[in-house]
Ligand code: DGL
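In the numbering used here, the protein residues as written are 15 to 285.
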C-alpha cells in the first residue's frame, strides 16, 4: 500500500475531465492537480515551448512526494512524454498509449479518426502508436483549434448554434472517411461528446483520452503495488497559475460536481 498522492497536470482546466474519471476509477487515491491557467492554451505552441512549460509543471508537482504522475494534457502527452519520462524517475502515464490501445481494440473496419489540438496532430504520436499496435489501421487526423476556446467560454451545450456549426465544419469531412472509431484526443472534447456524436452518427464509437488514461493508471498502480487502501476516500487538491476565481467558476463544467475545496494560486515561473 502506498499513501502518497498522484500528481495530475494540464495546460489549464481541461485536465479536470481526467480528474473526474480518476475520482470514479480510483476513488481512494489523493490527487494533486495543477492547471497552468496563466499560459493555456498550449495547443498552438511549438514543441520547445510546450516541453519547457511541462518541465516547470512537473517541477512544481514534484515539490510534493508523489507516487505517479498523470499527464492529462493531450498536447503535452503527444509532444513531450518520452522526454519527460526519461528525465523523471517516477511512473508517468500519458493519454496517447491507453487511448490508442482502446481504439485499436474497438475498431472493426480499421479506420480510426483522431481529433486534437494543432500541436498534437503535428506531433503524429497517435498515428505512430496506432501503426505500432496494428499496421492495418488507417488513421485520419484533424486539428480542431476552435473547440478549446469555445468550450472554455461555455459554448459546449447541444442547441448552441455556434459550437454545432463549427463541429459540423470540422467533422463532416471526418464522417466522410467512414471511420468507425474516433479518438477525442484533447482534454476539452469530452464536454462535446453529444455534439460530436450527433455529427458522426451512431456507428462511430468515441474514445475519450482522459478515461482511458485513468484506467491505465489503475493498472499500473496495481502492477507496481502502489495503490492506496480501497477503504478510504481520497481528496483532490487544486493548484493553478492564474486567478483562482476563474478556475472555481468553470471547474464544475469539467468535473461535473462542485469543488469541495477552493483552488490555490502558485507562481509557476519559480519552478
Ligand atoms: N489540454 C490541451 C490538450 O489536451 C487543450 C488545451 C490547450 O491547447 O492547452 O491538448
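For each residue, glycine too, the CB sits at the ideal point set by N, CA and C.
Secondary structure at residue 272: coil, using DSSP grouped into helix, strand and coil. Secondary structure remark: continuous beta strand (DSSP E) runs of at least 3 residues inside the segment 121–169, in chain order: 125–130, 152–157. Not one heavy atom of the ligand DGL lies closer than 7 Å to the C-beta of residue 253. Annotation for residue 227: the continuous alpha helix (DSSP H) segment containing it runs 223–237. Within the same chain, Cβ atoms closer than 8 Å to the Cβ of residue 186 are found at 213, the five residues on either side in sequence being excluded.
As far as DSSP is concerned, residue 86 takes part in no beta bridge. Nearest neighbour of residue 241 by Cα position, chosen from 36, 26, 174, turns out to be 36.
Distance from the Cα of residue 34 is smallest, within the candidate group 246, 223, 281, for 223. With a contact defined as Cβ atoms closer than 8 Å, residue 30 and residue 268 qualify at about 4 Å. Looking from the CA of residue 24, the closest CA among 57, 178, 49 belongs to 49. With a cutoff of 8 Å on beta-carbon distance, residue 141 and residue 194 are scored as not near each other. The continuous alpha helix (DSSP H) containing residue 176 extends over residues 175–190. Short of 7 Å from the beta carbon of residue 276, and not among the five residues preceding or following it, lie these beta carbons of its own chain, in chain order: 258, 262. Collapsing the DSSP output to three states places residue 252 in a strand. A straight line joining the alpha-carbon of residue 231 with that of residue 167 spans about 30 Å.
Cβ contact annotation for residue 153 (same chain, cutoff 8 Å, sequence separation greater than five): 126, 127, 128, 140, 141, 144, 145, in chain order.
Excluding its 5 nearest sequence neighbours in each direction, residue 85 has C-beta neighbours in its own chain below 6 Å: 91, 108, listed in chain order.
Residue side-chain check: residue 276 keeps its Cβ at 7 Å or more from all non-hydrogen atoms of the ligand DGL. A Cβ-Cβ contact shorter than 8 Å links residue 159 with residue 58. Between the ligand DGL and residue 96, a heavy atom-to-CB distance of less than 7 Å is absent.
Excluding the 5 residues flanking it on each side, residue 80 has same chain C-beta neighbours closer than 8 Å at 18, 19, 20, 21, 46, 104, in chain order.
Residue 173 counts as exposed, since fewer than 16 other C-beta atoms from the protein chains shown sit within 10 angstroms of its C-beta. In terms of Cα proximity to residue 118, the closest of 177, 82, 148 is 148.
For residue 74, the uninterrupted alpha helix (DSSP H) run begins and ends at 61–75, by DSSP.
Check the Cα spacing between residue 93 and each of 43, 40, 131, 274: the tightest is with 131. Residue environment: residue 272 is assigned as exposed (fewer than 16 neighbouring CB atoms within 10 Å of its CB, all protein chains considered). Only residues of its own chain outside the window of five on either side were considered, and among them 20, 242, 248 have a CB closer than 6 Å to the CB of residue 43, listed in chain order.
Within its own chain, the residues whose Cβ lies closer than 7 Å to the Cβ of residue 64, once the five positions on either side in sequence are excluded, are 56, 89, 90, 93, 94, 133, listed in chain order.
By the neighbour-count criterion, in which 16 or more other beta carbons inside 10 Å mark a residue as buried, residue 112 falls on the buried side.
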